[in-house]
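> Following our numbering, the numbering of the sequence shown begins with 365 at its first residue and continues without gaps.
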Amino acid sequence: MNNLSIRLLRADEIECRIGTISDKGLSLLLYTDARADMKILDETFGVLGWKRSHQSINGNLYCTIELWDEDKKQWISKQDVGTESYTEKEKGQASDSFKRACFTVGIGRELYSAPHVWVSAQKCRIQRRGDKFVCFDKFSVGHIVYSDEREIVGLTIINSDTGEVVYNGYKRSQKKTA
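1) What does DSSP give as the partner residues of His418 in its beta bridges?
2) Terminal residues of the continuous alpha helix (DSSP H) containing Ile404?
3) Along the chain, where does the beta strand (DSSP E) containing Ser524 start, and where does it finish?
4) Please classify Leu390: does DSSP put it in a helix, a strand, or coil?
5) For the 8 Å Cβ check, are there 3 or more pairs between the stretch 420-427 and the stretch 472-491?
6) Please list the segments of the beta strand (DSSP E) lying wholly inside the stretch 446-530, counting only runs of 3 or more residues, in order along the chain.
7) I need the straight-line Cα distance from Asn366 to Ala398, nearest angstrom please.
In structure tokens:
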């Protein structure tokens, strides 16, 4: 395990969800789902080279990920807690704690270097529902570029419903692409 490194996320492994929304536009947050995290663990450590368990501590659901370290001949553990989802309380909490535990071993850490992604109201279909604004458009990462420091330096977001590029941002030092 000492010489293994978690690869950077590919564009098709990154999900987008709406963070804030107003009549002027919306912000997007980037994240991975549990399936992408499991795939990366399988690729990096082998199907039998990692394991996951859950336990409730003070009413909170924690996930522990254990990775087999061949050099030390022992399991190395990382743990984090999850929060409930809006749809399925237990399943959402289990999935969230797993994704957070995956972050502790390095999966998706690069997403914390993402720029603030703002999509103007002209590039999406925002509707007013009572006193709230909603948008049912789906968004996806079209392209992502990383620096040697594993930070996002280029990002393209597409409105999957219209096919239009709604965000295209680049920093100066562009190195690795995924």
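Idealized CB from N, CA, C, for every residue including glycine.
Everything numeric in this text was worked out from a predicted model, so none of it was measured.
In this structure, then:
1) In the sequence shown, the residue the question calls residue 418 occupies position 54. Per the DSSP secondary-structure output, His418 pairs in a beta bridge with Cys427.
2) Here residue 404 is taken as the residue at index 40 of the sequence shown, counted from 1. Counting along the chain, the alpha helix (DSSP H) containing Ile404 begins and ends at Ala398 to Phe409.
3) For the purposes of this step, residue 524 is taken as residue 160 along the sequence shown, with counting starting at 1. Annotation: Ser524 is outside any beta strand (DSSP E) and is labelled neither H nor E by DSSP.
4) As a first step, residue 390 must be located in the sequence shown, where it is residue number 26. Note: Leu390 maps to strand in three-state DSSP.
5) no
6) 481-484, 490-493, 496-499, 503-510 and 516-523
7) Locating residue 366 in the sequence shown gives position 2, counting from the first residue. Locating residue 398 in the sequence shown gives position 34, counting from the first residue. Note on Asn366: pLDDT 47, under 50, position unreliable in the model; no value is reported.
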